[in-house]
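Visitor:
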Amino acid sequence: MLIKVNTKVDMRFNVEKAHWLGERIKERILQTEKNRINKDGELVMSSTKTRTQKGNIEDALQKIQAIIDAASYVPPPPSEEQKKKIEKIAAAAERNRMQNKKVLSQKKESRRNKPSWD
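Counting in full-length UniProt numbering, the sequence shown runs from 1 upward without gaps.
Shown next, in the form of structure tokens:
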């Protein structure tokens with residue numbers, strides 16, 4: 001005879017009532033995890049990873065912590081070297097756009113100024 005114990009954990013975290021989270025972080029969680037949020041605004045996290053309920057509780061907490069960490073991540077500002085590279089690429093794209101515009105304009109101009117046969 002095999003005795004099975006249900007160790008699955010369903011954890012609910014109410015994002016909207018978490019006063020300690022900033023508004024921007026709440027909005028990002030609600031946006032990125034919209035498939036895991038129920039109509040009450042709760043982030044529902046399940047875990048059946050381990051054979052113990054304690055391990056599954058820890059796993060669910062780690063998952064929620066990872067979601068909060070990902071939502072609160074702010075990328076560092078670009079370095080001076082990256083800014084120069086971006087400006088260089090933008091300037092090259094602008095030159096290319098203007099060149100294409102000039103070629104197209106000349107093509108249309110050549111169509112307009114055809115001599116009449118009359």
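Don't be surprised by glycine CBs; every beta carbon is placed ideally from N, CA and C.
1. Please state the DSSP three-state secondary structure of L61.
2. Quick one: grab the DSSP three-state call for Y40.
3. V15: buried (16+ other C-beta within 10 angstroms of its C-beta) or exposed?
4. Going by DSSP, what residues sit across from V9 in a beta bridge?
5. For K83 and A18, what's the separation of their Cα atoms in angstroms?
Guide: Reading it off the structure:
1. Reading the sequence shown from its first residue, position 61 is the one you call residue 61. L61: helix per DSSP, three-state reduction.
2. Taking the sequence shown and counting its residues from 1, one reaches residue 40 at position 40. The sequence shown places Asp at residue 40, not Tyr. If DSSP states are grouped into helix, strand and coil, D40 belongs with coil.
3. For the purposes of this step, residue 15 is taken as residue 15 along the sequence shown, with counting starting at 1. Looking at its Cβ environment, which holds 16 or more other Cβ atoms inside 10 Å, V15 is buried.
4. The residue you call residue 9 lines up with position 9 of the sequence shown. As DSSP reads the structure, V9 sits in a beta bridge with S47.
5. Stepping through the sequence shown from its first residue, residue 83 is reached at position 83. Stepping through the sequence shown from its first residue, residue 18 is reached at position 18. Note on geometry: alpha-carbon atoms of K83 and A18 lie some 37 Å from one another.
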